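A short write-up of the structure that comes next.
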Amino acid sequence: MNAPPNRIGAEAIAAKGWLAAHKWLFLRRISQIGILLLFLVGPWFGWWIVKGNLNFSYTLNLLPLTDPYLLAQMLVAGKTPEQLAWIGVAIVVVFYFLVGGRSYCSWVCPVNLVSDLASWLRTRLGLKGGAHLSRSARYWILGMTLVVAAVTGTIAWEMVNPVSMLHRGLFFGVGFAWAVVLAVFLFELFVMRQGWCGRLCPVGAFYSLIGKLSLLRIRLPQREACNDCMDCFAVCPEPQVIRPALKGVDGAGPAILAANCTNCGRCIDVCSKDVFVFGTRFGDKVEKISPSAKRIAPAA
Amino acid sequence: MDTEKPRKAPASSQARRQFLFDSARMACGVSLLGLGVGLYARNATALPPAALRPPGALPEPEFSAACIRCGMCVRDCPYHMLHLAKPEDPMPTGTPYFVARQAPCEMCEDIPCVKACPTSALDHSLKDITKAKMGLAVLVDQETCLNFLGLRCDICYRVCPVLDKAITLAPQSNTRTGAHTLFIPVVHSEHCTGCGLCEKACPTAIAAIKVLPIYVAKGQLSAHYRLGWVEKEKAGGSLVTPDVEHRYHTPEGLKYDHRSGKVVPDMPPSSDAAPPAPALKALQGNKL
Ligand code: SF4
Ligand code: SF4
Ligand code: SF4
Ligand code: SF4
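Chains as they are written, first to last, in our numbering: chain A, 1 to 300; chain B, 301 to 588.
Following this line, the structure appears as structure tokens:
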């Protein structure tokens, strides 16, 4: 095989077989769709396993789950939740602290399905380029939503938030939420890959902060085996997180510690050399060169 | 800034200037977005008059600060009469409401909607549903209310769960026929919960009685107003020095009678055997 296969992941499919090269993608779709179904069987068949939506849900009258970002907005707007919502937020924060905050984005959030579809179509149609927007914009927007909540005394962002609009819409009646979701799709398709999820969405930004020190991480124990096919960069929704761990920039790795890795596992799937695995942030240490020492070294 | 780590202070002044410029640009863009969101949120917190909140709901716009748009109240309402606002509805997206004319609140004794609410949006100290204040019924159209027309509809009066307290029927003479009585439905705000059953049941094509948000339906006396009879009752007696009764200079044995405006013999009611005083005859029939 001399000519490099041009479809992303083709090498991995050839090396591992189609199923193994889509394992995490499959599991993720099962998780995403499964969660949607759990919410849907209530309104559809009257089987109330879960009530509510991603903002607050109550499973089997036993497990409360509260969105910490919503709660934060409520608190700065000057209101407090009841006990159940406090318990719910504690469970959610601990959970995402363990599994990585942005696992929410790739395993739970319904907008990810929209975003992934846009990404896939973009690659299929060969759409390149687009507008430039910094990936830090989401943190500015996150800050802005909290300020606006405090100033207006309302959870203002909920009026426009496509994430909860879509999720709520699926179980309580969509209305014009479809238009908002379509806008996100078109934006990610034509204007900017990962334009919403990777740059603007304050929900993802908030979860990334929860997962800043999270336990579950992508590790790269085989990073020496990397053959620079760049498939992981092409498939990753947050490709900037890979380089430090893969190339050992500033002594980083071999775990992806950047908070914006969504733990989607697509990099594991598409790598024909099995460089990536799920692991913890701790483990075999590599010698750490402090960045300042490195910067000074050549001058000395 | 393409890495998500906060950037360390850039080394060269060129880079520092670029960094400041980028930050300023971002701050401006996001502030504009924030302004838009804030203004939109501000405008959308006023509810349309037909939309009522579930029992125990905080007043607007506080409600929009506390409600996390989860829909638990909607799910636990056994009558399925609550909805979450859609993006195109003219109120905060995702917040619960009901429209009385479509499906009113049935005033469940155990108030499951409030129990289900995970926040303070629905006041958990509300334990008695008859204390709820979702709105206030107002007989808005006296021209089409059947009772006002002289018929005995009485439907609103009879369906009201706070029977004979929230709505009473006040008799009034029917000047059209000159011979009958109108039974005017009168709503009493201290008892009306705003459940909307009356509006739902009103048989006219468009309800003559409607539940309106309290801020629309209710007036308020000026703060300095005092109702004399209320104050008197509170104090257990008159608060001003009572007027000294006027004394008339009437001949002995006579007095001035306020009711008839005449001078009458002044004698104890039992002593009707006593002969009339001599001066009486002269004065009989004359007003003083
Ligand atoms: S690094 Fe891997 S797991 Fe993390 S977001 Fe990228 S593709 Fe997904
Ligand atoms: S009191 Fe009963 S009918 Fe009324 S909103 Fe609550 S749950 Fe629904
Ligand atoms: S249960 Fe409470 S927080 Fe949830 S939608 Fe209803 S009022 Fe809002
Ligand atoms: S809204 Fe109508 S039915 Fe309900 S308590 Fe008030 S007067 Fe009675």
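Positions of the beta carbon are idealized from the N, C-alpha and C atoms, including for glycine.
A quick note: this is a predicted structure, and the numbers were derived from the prediction, not measured.
CB contact below 9 Å: A350 of chain B versus chain A: no
Closest by C-alpha distance to C460 of chain B, when choosing among B:Q442, B:T444 and B:G494: B:G494
Cα-Cα separation, G42 of chain A to D376 of chain B: 12 Å
Straight-line Cα distance separating F190 of chain A from F233 of chain A: 20 Å
Cβ distance (whole Å) where A385 of chain B is taken to contact P392 of chain B below 8 Å: Confirmed, about 6 Å.
Cβ of F319 of chain B within 9 Å of any chain A Cβ: no
Any non-hydrogen atom of ligand 1 within 8 Å of G265 of chain A CB: yes
Where the alpha helix (DSSP H) through Q472 of chain B begins and ends: Q472 of chain B -> not in any alpha helix (DSSP H); beta strand (DSSP E) instead, spanning I467 to N474.
Heavy atom of ligand 4 within 8 Å of I509 of chain B beta-carbon: yes
Proximal residues to E238 of chain A (C-beta, below 7 Å), its chain only, five neighbours per side dropped: G198, N260, C261 and T262
Among A:T145, A:P110, A:W18 and A:F187, nearest to G169 of chain A - alpha-carbon criterion: A:P110
Closer than 8 Å: I506 of chain B CB and nearest ligand 6 heavy atom: This structure lacks ligand 6; its bound ligands are ligand 1, ligand 2, ligand 3 and ligand 4.
CB contact check: F172 of chain A to chain B, cutoff 9 Å: yes
C-beta contact flag for T444 of chain B and T481 of chain B at 9 Å: no
Chain A within 9 Å of D410 of chain B, Cβ atoms only: no
Inter-residue spacing [alpha-carbon to alpha-carbon] between V286 of chain A and P221 of chain A: With a pLDDT of only 48 at V286 of chain A, under the threshold of 50, the placement of this residue in the model should not be trusted; the figure read from the coordinates follows. Cα to Cα, the separation comes out at about 11 Å.
Every unbroken beta strand (DSSP E) inside the segment 108-160 of chain A [3 residues or more]: none
For A351 of chain B, the three-state DSSP class (helix, strand or coil): If DSSP states are grouped into helix, strand and coil, A351 of chain B belongs with the strands.
Residue of A:F276, A:G52 and A:D67 minimising C-alpha distance to F171 of chain A: A:G52
Proximal residues of chain B, C-beta to C-beta of P64 of chain A below 9 Å: P418
Nearest candidate by alpha-carbon position, reference A77 of chain A, set A:G129, A:T152 and A:I49: A:T152
Assumed close pair A416 of chain B, C367 of chain B - CB separation to whole angstroms, cut-off 8 Å: Wrong, their Cβ atoms sit about 12 Å apart, outside the cutoff.
Short CB-CB distance (under 9 Å) between Y515 of chain B and chain A: no
4-residue-minimum alpha helix (DSSP H) runs that sit fully inside the segment 218-288 of chain A, ordered along the chain: 231-235, 242-247 and 266-270
Short CB-CB distance (under 9 Å) between L347 of chain B and chain A: When Cβ-Cβ separations below 9 Å define contact, L347 of chain B makes no contact with chain A.
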